[in-house]
Every structure is written in C-alpha cells, then in structure tokens.
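Undergrad: Taking this note's numbering as reference, the numbering of the sequence shown is continuous, increasing by one, and the terminal residue is 565.
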Amino acid sequence: MVCVLLGTGFEEIEALTPCDLLRRAGLEVALVGVSGREVTGSHGIAVKADLLLEELDFDSMEMLVLPGGLRGVASLLDSEAAMELVKKAWAAEKYLAAICAAPTILAKLGILADSPAVCYPGKEPEMGKAQIIDSNVVQHNRLITGRAAGAAVDFALCLISELKSPEEAARIARQIVYQQTANRRR
Numbered sequence: 380m381v382c383v384l385l386g387t388g389f390e391e392i393e394a395l396t397p398c399d400l401l402r403r404a405g406l407e408v409a410l411v412g413v414s415g416r417e418v419t420g421s422h423g424i425a426v427k428a429d430l431l432l433e434e435l436d437f438d439s440m441e442m443l444v445l446p447g448g449l450r451g452v453a454s455l456l457d458s459e460a461a462m463e464l465v466k467k468a469w470a471a472e473k474y475l476a477a478i479c480a481a482p483t484i485l486a487k488l489g490i491l492a493d494s495p496a497v498c499y500p501g502k503e504p505e506m507g508k509a510q511i512i513d514s515n516v517v518q519h520n521r522l523i524t525g526r527a528a529g530a531a532v533d534f535a536l537c538l539i540s541e542l543k544s545p546e547e548a549a550r551i552a553r554q555i556v557y558q559q560t561a562n563r564r565r
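(1) Going along the chain, which residues of its own chain have a beta-carbon closer than 6 Å to the beta-carbon of Asp429, five neighbours each way excluded?
(2) Relative to the C-alpha of Lys508, which residue among Ala527, Gly529, Ser514, Leu485 is closest?
(3) Go through the stretch 526 to 564 residue by residue and report every complete run of the alpha helix (DSSP H) that reaches 4 residues or more, in order.
(4) Determine the burial state of Glu407: buried for a count of at least 16 other Cβ atoms within 10 Å of its Cβ, exposed for fewer.
(5) Is DSSP giving Glu391 helix, strand or coil here?
(6) Would you report the Cα separation of Phe389 and Gly420, rounded to the nearest angstrom?
(7) Buried or exposed: where does Val452 fall if 16 or more other Cβ atoms within 10 Å of its Cβ makes it buried?
(8) Report the CB separation of Ile478 from Glu393 in whole angstroms; it is logged as a contact under 8 Å.
(9) In chain order, what residues of the same chain have a beta carbon less than 8 Å from the beta carbon of Ile539, not counting five sequence neighbours either side?
(10) For Leu432, which residues of its own chain have a beta-carbon under 6 Å away from its beta-carbon, when the five flanking residues on both sides are left out?
(11) Out of curiosity, what's the CA-to-CA distance linking Tyr499 and Ala471?
(12) From Pro545, Glu417, Leu384, Ala480, pick the residue whose C-alpha is nearest to that of Met462; which is it?
(13) What separation, rounded to the nearest whole angstrom, lies between the Cα atoms of Lys427 and Val418?
(14) Are the beta-carbon atoms of Leu542 and Met442 separated by less than 9 Å?
Rendered as structure tokens:
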C-alpha cells in the first residue's frame with residue numbers, strides 16, 4: 380500500500396495527483412490524516428482521509444508519500460507520530476517520496492545526506508547535505524523527490540514506474556493524454 384500523509388495545509392495537487400494516478404495504475408493508496416479524518420489543504424479544499432495515522436497498518440505500507448505545502452510540512456514536522464512514521468519507514472527500507480517543501484523533512488531527519496534530490500526553488504538551504512539536482516523528479520534508490528506542484532504528474536508517474544513498471548507509467552501517461560517533458564534523474 381502507498382500512504383499519502385496529509386497534514387493541515389498540504390498542497391492539494393501534490394497529494395491528490397499521485398493518489399489518483401497510482402489508483403489508476405491499480406495500486407492501493409490510502410490518504411492518511413495526521414490530525415483528523417477531514418484535512419484541509421493549503422487552498423481550502425477539505426479532503427476526507429481514508430484512515431487516521433494511528434489506524435495505519437505499517438507492515439502493509441510499501442511507500443510513504445509526503446506532499447508539500449508550507450503549512451502542510453509544518454503540520455507534519457509538528458507531529459511526533461508523523462516524524463516517527465517517516466523514521467520507521469526509512470529504517471524498514473520502505474520507499475520515501477517527498478515533493479516541493481516536503482524533502483526538507485527528509486533532510487532534517489538526515490535521510491537525504493549525500494543523496495541527489497530536488498525541492499521547491501528557494502528551499503535548497505534547508506536541504507542539508509543533499510546533492511541538489513536540476514530536475515522535476517529525482518530518484519535515488521528508495522528516495523524519490525519532486526520539485527513542486529507543477530511536477531506532480533511527473534512525480535506520480537515516477538512512483539508508478541518504480542512500484543509497477545515503466546510500461547505501466549507510460550500507459551497511465553497515455554490514458555491521461557500527458558506528454559512527459561522533464562527528465563527523471565537516477
């Protein structure tokens with residue numbers, strides 16, 4: 380299962396686009412509310428979480444996705460349970476995917492040290508020892524980072540490529556009539 384962690388103020392495109400495209404690819408996805416069943420995004424869109432953080436079956440989780448949004452990232456950082464989940468997922472060798480400002484969470488936890496990554500422009504000083512790459516999406520082993528809301532489709536297709544196959548990602552891209560323009564770097 381792919382878990383998309385929703386903190387109050389999350390960037391809607393960065394959470395819902397991956398959820399939508401992953402589900403189109405036949406992957407099980409759960410929107411996980413950090414502080415409640417209904418979570419309001421950065422643009423006032425309220426989303427009903429599939430489950431609460433405390434209801435998450437950790438063993439069934441294959442990937443944890445962290446959407447950005449400055450307030451959403453702050454909400455995740457303020458949640459001890461959310462930070463413990465990220466650390467536990469990394470220690471258990473699960474995939475971690477973060478987009479926009481959310482890669483700074485991975486940097487604060489030391490997970491991105493010496494890894495290639497991307498983040499929202501201007502957030503580079505908060506990326507610690509990560510090697511900042513000029514790309515919409517960067518994958519390095521179990522880490523996948525995305526630049527911003529404008530890269531949400533590229534980010535989601537990268538997740539599908541990794542969890543299913545490049546062919547499935549290409550099928551979904553065709554299904555939504557999307558022409559990928561950005562290169563993904565490994």
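Quick reminder that beta carbons are idealized off the backbone N, C-alpha and C, glycines included.
TA: Looking at the atomic coordinates:
(1) Ala409, Leu410
(2) Leu485
(3) 531 to 542, 545 to 554
(4) exposed
(5) helix
(6) 5 Å
(7) buried
(8) 5 Å
(9) Leu400, Leu401, Ala404, Leu406, Glu547, Ala548, Ile551
(10) Val411, Val413, Ala460
(11) 27 Å
(12) Leu384
(13) 6 Å
(14) yes
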